[in-house]
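> Numbering-wise (the working numbering), the sequence shown opens with residue 2 and increments by one.
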Amino acid sequence: MAKDKIAYVCSHCGQESAKWVGKCPSCGQWNTFKEIRLAPASKATATASHAVDSTYGNKNNRPQRLRDISSHDEPRIDMHDAELNRVLGGGLVPGSIVLLGGEPGIGKSTLTLQTILGISDRKILYVSGEESAHQLKMRAERIASQSPDHCLILCETSLENIFAQIKEVMPDVVIIDSIQTISTDTVDSSPGSITQVRECAAALLRFAKQSGVPVILIGHINKEGTLAGPKILEHIVDTVIQFEGDQHHLYRILRSIKNRFGSTSELGIYEMRNNGLRQVDNPSELLLSQDHEGLSGIAIAAAIEGVRPFLLETQALVSTAAYGTPQRSATGFDQRRLNMLLAVLEKRVGFKLIQKDVFVNIAGGLRVTDLAMDLSVIAAVLSSNVDTPIEQGWCMAGEVGLSGEVRPVSRIDQRISEAQKLGFTHIIVPAHNMQGIDTSRYHISITPVRKVEEALRALFG
């Protein structure tokens with residue numbers, strides 16, 4: 002009988018080592034190497050290969066010339082969820098493996114169960130290692146009025162038993178909830194360990210690629226905010242999407258972190274309700290539902306995440322530092338970029354904020370990375386500093402450089418159209434974006450600016 006081997010794997014990046022080391026040579030993290038016990042390679046590989054090959058058969062792989070390989074796109078599986086389809090890049094790719102991560106209680110299982118209940122043309126096997134069939138039935142009745150026949154529930158944690166049921170059922174989509182609860186007999190360790198997660202994910206990956214059946218894995222988030230398990234789990238999957246949001250807010254955000262079949266800048270927005278998650282088709286109307294007439298420190302920005310334009314409310318509060326050292330805090334916005342914008346205000350515009358506390362918040366709990374938010378952040382900070390509100394009907398979009406210039410942003414026509422559709426009367430845009438734009442087709446007043454001073458003069462006179 003072959004002896005089990007001992008190896009050490011970095012829990013942060015997946016780097017392997019024959020002995021324990023204090024600092025990972027790959028990612029530079031300290032005390033991240035964990036001891037794992039590897040089963041004999043022949044046993045683990047043979048068992049996993051047999052489970053997959055006996056299900057759909059082993060394909061004879063031979064080298065092919067690149068020019069002989071077909072380049073046509075395979076038809077994607079429609080998830081009957083516009084937000085999820087957008088984040089996935091147009092739908093679920095056959096043979097792909099998707100990892101859905103999120104904090105406990107954020108709604109990962111609700112989103113997955115709600116999605117499969119809406120798909121009527123595919124046979125789906127939902128494998129749950131955390132909940133009983135009765136619990137899933139209660140959740141399904143809360144989400145949908147009736148349970149379709151195409152959705153099959155399996156409460157199982159053994160990988161070998163799961164493959165046996167897959168062979169019998171022959172589903173079109175397989176969902177594993179969650180990967181940390183699945184274990185295989187080839188590895189002598191508890192479920193959720195680094196070794197178990199690696200072996201189970203590798204076997205499911207081989208099954209997806211050989212059979213063409215897409216697999217959706219649900220994963221947990223650790224206290225650092227990253228996906229639990231070895232980093233190799235994120236490397237081997239095709240798509241990593243994260244379900245974000247505050248449990249005290251209604252909105253949930255579906256964000257793509259890695260996608261081999263689409264863009265990673267797409268964003269899906271849901272609203273949590275008693276009967277499940279509701280898709281937010283037009284987030285601008287919900288995010289701007291409050292009336293802030295006469296209130297200072299509020300500016301509206303025309304932002305774009307992926308291909309979707311929407312208007313966001315930027316809130317700022319500037320007050321005298323009470324403890325000598327001023328505070329700089331940002332929620333939903335990059336704090337380092339906030340410090341840079343405050344330095345531009347002091348150096349280029351002449352506003353002294355060195356002894357002031359500055360707090361910036363993006364309303365609705367959203368986290369935005371669009372650089373066109375710079376102009377609205379500066380306008381909100383200045384509005385709060387002088388305690389003068391910005392007139393209603395004004396919005397803006399522009400990136401601010403270190404010399405105080407307003408740099409051009411992408412897809413300015415979509416931003417202007419979104420602002421006009423929501424009833425705004427004025428929009429401030431970078432002057433360089435006005436080249437080649439026909440302003441006659443817009444019914445909104447467009448104010449081009451080259452410097453921050455020009456934008457502030459247009460807002461405050």
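Note that CB positions come from ideal geometry on N, CA and C, so glycine has one too.
None of the values given here were measured: they were computed from a predicted structure.
Would you mind listing the beta strand (DSSP E) stretches within the region 331-382 that are 3+ residues and don't spill past its ends, in chain order?
Runs found: 357-363.
> Report, in whole angstroms, the separation of the C-beta atoms of C152 and L118, which I expect to be a contact under 8 Å.
With 8 Å as the limit, C152 and L118 qualify as a contact, their Cβ atoms being about 6 Å apart.
> I'd like the list of long-range same chain contacts for E454, defined as Cβ closer than 8 Å, with 5 residues on each side in sequence excluded.
Excluding sequence neighbours, E454 sits near R349, V350 and G405.
> Name the DSSP bridge partner or partners of G220?
G220 is bridged to G102.
> Going by DSSP in three states, K259 sits in which element: helix, strand or coil?
If DSSP states are grouped into helix, strand and coil, K259 belongs with the strands.
> Quickly, what does DSSP pair P172 with across the bridge? List them, please.
None; P172 has no bridge partner.
> Does the beta-carbon of R66 have 16 or more other beta-carbons within 10 angstroms, so that it is buried, or is it exposed?
Answer is exposed; the Cβ neighbour count stays below 16.
> Cβ of C396 within 8 Å of Cβ of A373?
No, Cβ-Cβ distance for C396 and A373 is not below 8 Å.
> Put E142 into one of helix, strand or coil per three-state DSSP.
Three-state result, E142: helix.
> Give the secondary structure of D414 by DSSP, where H, G and I count as helix, E and B as strand, and everything else as coil.
Three-state DSSP puts D414 in a helix.
> May I ask which residues mark the beginning and end of the beta strand (DSSP E) holding H427?
Note, H427: beta strand (DSSP E), H427 to P431.
> Within 10 angstroms of the Cβ of D150, are there 16 or more other Cβ atoms? Answer buried if so, exposed if not.
Per the 10 Å Cβ criterion, exposed.
> Given H444, which residues of its chain have a CB within under 8 Å of its CB, disregarding the five upstream and five downstream residues?
Taken in chain order, the residues that qualify are Q421.
> Just verifying my parser: in three-state terms, what is the DSSP assignment at T182?
If DSSP states are grouped into helix, strand and coil, T182 belongs with the helices.
> According to DSSP, simplified to helix, strand and coil, what is K452?
Strand.
> When the Cβ atoms of the region 210-218 are set against those of the region 22-33, are three or more pairs found closer than 8 Å?
Taking 8 Å as the limit for Cβ pairs, the verdict is that the region 22-33 does not touch the region 210-218.
> Does the beta-carbon of N276 have 16 or more other beta-carbons within 10 angstroms, so that it is buried, or is it exposed?
Per the 10 Å Cβ criterion, exposed.
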